[in-house]
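Following: one structure in structure tokens, then a few remarks.
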Amino acid sequence: MVKKGVLIVNLGTPDSPEVGDVRKYLREFLMDGRVIDIDSWKRWMLVNLIIAPFRAPKSAKEYIKVWEDEGSPLLTYGVKTKHLLQEALGEEEYLVELGMRYQSPSIAQALDNLKAANVKEIIVIPLFPQYASATTGSVTAKVMELMGDWQVIPDIKFVQHFHRHPLFIKAFAEIGKKYLEKQSYDHVIFSYHGLPERQIIKAQIKTCCQLKNGTCSKNSEKNTFCYRSACFETSRLLASALGLQEDQYTVCFQSRLGKDPWIQPYTEDTIKKLASEGKKSVLAFSPAFVADCLETTVEVGQEYKELFEEEGGTHWQLVESLNDHPLWIACLQDLVHNTASKAEEVFVG
64 MVKKGVLIVN LGTPDSPEVG DVRKYLREFL MDGRVIDIDS WKRWMLVNLI
114 IAPFRAPKSA KEYIKVWEDE GSPLLTYGVK TKHLLQEALG EEEYLVELGM
164 RYQSPSIAQA LDNLKAANVK EIIVIPLFPQ YASATTGSVT AKVMELMGDW
214 QVIPDIKFVQ HFHRHPLFIK AFAEIGKKYL EKQSYDHVIF SYHGLPERQI
264 IKAQIKTCCQ LKNGTCSKNS EKNTFCYRSA CFETSRLLAS ALGLQEDQYT
314 VCFQSRLGKD PWIQPYTEDT IKKLASEGKK SVLAFSPAFV ADCLETTVEV
364 GQEYKELFEE EGGTHWQLVE SLNDHPLWIA CLQDLVHNTA SKAEEVFVG
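Right under this line is the structure:
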């Protein structure tokens, strides 16, 4: 029986926390023109002469904090997700492969495996809930590049975003509720990975909201692919599922790099503001990530906790990511089935 292929893709991870492997990963990651969207020669100089040499030793120390016997948690949960999704979909009709946009296991190898299996269609799911050119867009471009010289190109479908999928929201809410049931919190923050403001503006062209909260907080067809708007929508849906009122949570953005303005409000500024207002306990979500990694465990879970306590806060709690939660696997299964059904409708029609 000819199967349908499913390719799930996450960002990537170094092969080890050694400085050399971290430097190799950073170079591949940051040389992507969708990640650092400046002239190629400027990007080469910036990455190879400044960022990679000086940032790799520091990042290596951070990776050691999250590294497990099996390796990076991003890879560990990626492998678990692949196997659990394969089990949920069944082996008769589907073949599931895992690829990383940068480093191993590569997208190229995953596609080769699907090609060897002679799949009749491929469903690609970049594991980024909210669309951004630097993440989902980069995965889409890489897959298309790699398949460009195939003699036979099967039907291929991309899942562009899933931030409003009911099971995605339900899974994150269920994980968060176990903390809210144990104690009350003065405030909840939803911290998302940031992007340079110019990338938001470039992506929206004529329909850009110009980064205004009032517009971003209202989802419409015009801003479906606006990353900032999608983050606000994710937060609204999560807040509703958690029973939070509008004044009980804040949307903010982390991981700022360089001097150019990034989308705001910044998580660091939000933390200081909450502490200055007398907030003593905060529950923190990272809904841009489906698996725990440096940005969740270290940045939000440890560094922001230290900042909050330095500013006078007493209790900071990180809500872990979806990882291998059953509802997350069910969400992916539903995405596959819905995407496959749409492909069949187009073919029949």
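Per the working numbering, residue 64 is the first one in the sequence shown, and the count goes up by one each step. Idealized CB from N, CA, C, for every residue including glycine.
(1) Among Glu133, Asp95 and Arg164, which residue has its Cα nearest to the Cα of Ile71?
(2) Applying the 10 Å Cβ sphere with the 16-neighbour rule, what's the burial state of Trp104?
(3) Please list, in chain order, all residues of the same chain as Val411 whose beta carbon is under 8 Å from its beta carbon, the five residues on each side excluded.
(4) Which residue marks the beginning of the alpha helix (DSSP H) containing Arg164, and which one marks its end?
(5) Between the beta-carbon of Ala51 and the beta-carbon of Leu301, is there less than 7 Å?
(6) What is the rounded straight-line gap between the Cα of Thr360 and the Cα of Lys205?
(7) Please classify Leu320 as buried or exposed, where buried requires at least 16 neighbouring CB atoms within 10 angstroms.
(8) Go to Asp102, then tell me how far its beta strand (DSSP E) extends in each direction, as first and last residue.
(9) From which residue to which residue does the beta strand (DSSP E) around Tyr290 run?
(10) Using the DSSP secondary-structure output, state which residues sit across from Tyr140 in a beta bridge.
(11) Tell me the residue span of the alpha helix (DSSP H) that contains Tyr329.
(12) With a threshold of 16 other CB atoms inside 10 Å of the CB of Trp107, please say whether the residue is buried or exposed.
(13) Taking Arg261 as the reference, which of Asp84, Gly83 and Ile99 has the closest Cα?
(14) Note down, in chain order, each residue of its chain lying with its Cβ closer than 6 Å to the Cβ of Thr297, except the 5 sequence neighbours on either side.
(15) Specify the secondary structure class of Val399 as computed by DSSP and reduced to three states.
(16) What are the residues that DSSP puts in a beta bridge with Val72?
(17) Hey, Phe221 and Pro192 are a contact pair by Cβ (cut 8 Å); roughly how many whole angstroms apart?
(18) Assuming Phe316 and Thr330 are in contact, meaning their beta carbons sit under 8 Å apart, how far apart are those beta carbons, in whole angstroms?
(19) Roughly how many angstroms separate the alpha carbons of Lys265 and Glu244, rounded to a whole number?
(20) Could you give the uninterrupted runs of the alpha helix (DSSP H) lying entirely in the region 177-242, keeping only those of 4 residues or more?
(21) Counting C-beta neighbours from all protein chains within 10 Å, is the total for Ser384 16 or more, i.e. buried, or is it exposed?
(22) What residue range is occupied by the uninterrupted alpha helix (DSSP H) comprising Ile252?
(23) Around the Cβ of Phe117, are there at least 16 other Cβ atoms within 10 angstroms (buried) or fewer (exposed)?
(24) Alpha carbon to alpha carbon, what distance is there between Gln365 and Ser254?
(25) Do Gly257 and Ser169 have their C-beta atoms within less than 7 Å of each other?
(26) Given a threshold of 16 other Cβ atoms within 10 Å of its Cβ, counted over all protein chains shown, does Thr144 qualify as buried or as exposed?
(27) Using DSSP bridges, identify the partner residues of Gly134.
(28) Please state whether the Cβ-Cβ distance between Gln172 and Tyr88 is less than 7 Å.
(29) Less than 8 Å between C-beta atoms, sequence neighbours within five positions excluded: which residues of the same chain meet that for Ile127?
(30) May I ask which residues mark the beginning and end of the beta strand (DSSP E) holding Phe348?
(31) Between His140 and Asn401, is the Cβ-Cβ spacing less than 7 Å?
(32) With a threshold of 16 other CB atoms inside 10 Å of the CB of Val251, please say whether the residue is buried or exposed.
(33) Look up Cys315 in the DSSP assignment and say whether it is helix, strand or coil.
(34) Quick one: using the 10 Å Cβ neighbour count with 16 as the cut-off for buried, is Gly239 buried or exposed?
(35) Using the DSSP secondary-structure output, state which residues sit across from Gln380 in a beta bridge.
(36) Can you tell me the Cβ-Cβ gap for Ile186 and Ala403, rounded? I've got them flagged as a contact below 8 Å.
Reading off the structure:
(1) Arg164
(2) exposed
(3) For Val411, the predicted model reports a pLDDT of 39, less than 50, meaning its position is unreliable and no value from the coordinates is stated.
(4) Looking at the DSSP string, Arg164 is not in any alpha helix (DSSP H); the run it does join, the beta strand (DSSP E), is Tyr157 to Tyr165.
(5) In the structure as shown, the chain begins at 64 and stops at 412. Residue 51 is therefore absent and cannot be evaluated.
(6) 28 Å
(7) exposed
(8) Careful: Asp102 lies outside any beta strand (DSSP E) and carries neither H nor E.
(9) Run containing Tyr290: none in the beta strand (DSSP E); it sits in the alpha helix (DSSP H), Tyr290 to Leu305.
(10) In the DSSP output, where bridge partners are listed per residue, Tyr140 has none listed.
(11) Note, Tyr329: premise wrong, no alpha helix (DSSP H); not H, not E.
(12) exposed
(13) Ile99
(14) His226 and Pro350
(15) helix
(16) Gly162 and Pro189
(17) The pair is not a contact, with the Cβ atoms about 14 Å apart (cut-off 8 Å).
(18) 6 Å
(19) 42 Å
(20) 201-210
(21) buried
(22) It is not in any alpha helix (DSSP H) - Ile252 instead sits in the beta strand (DSSP E) that spans His250 to His256.
(23) exposed
(24) 14 Å
(25) no
(26) buried
(27) Glu131
(28) no
(29) Pro80
(30) Ser344 to Phe348
(31) Sequence inspection shows Tyr at residue 140; the His mentioned does not correspond to that position. Against a cut-off of 7 Å, the Cβ pair of Asn401 and Tyr140 comes out as no contact.
(32) buried
(33) strand
(34) buried
(35) Leu346
(36) 6 Å
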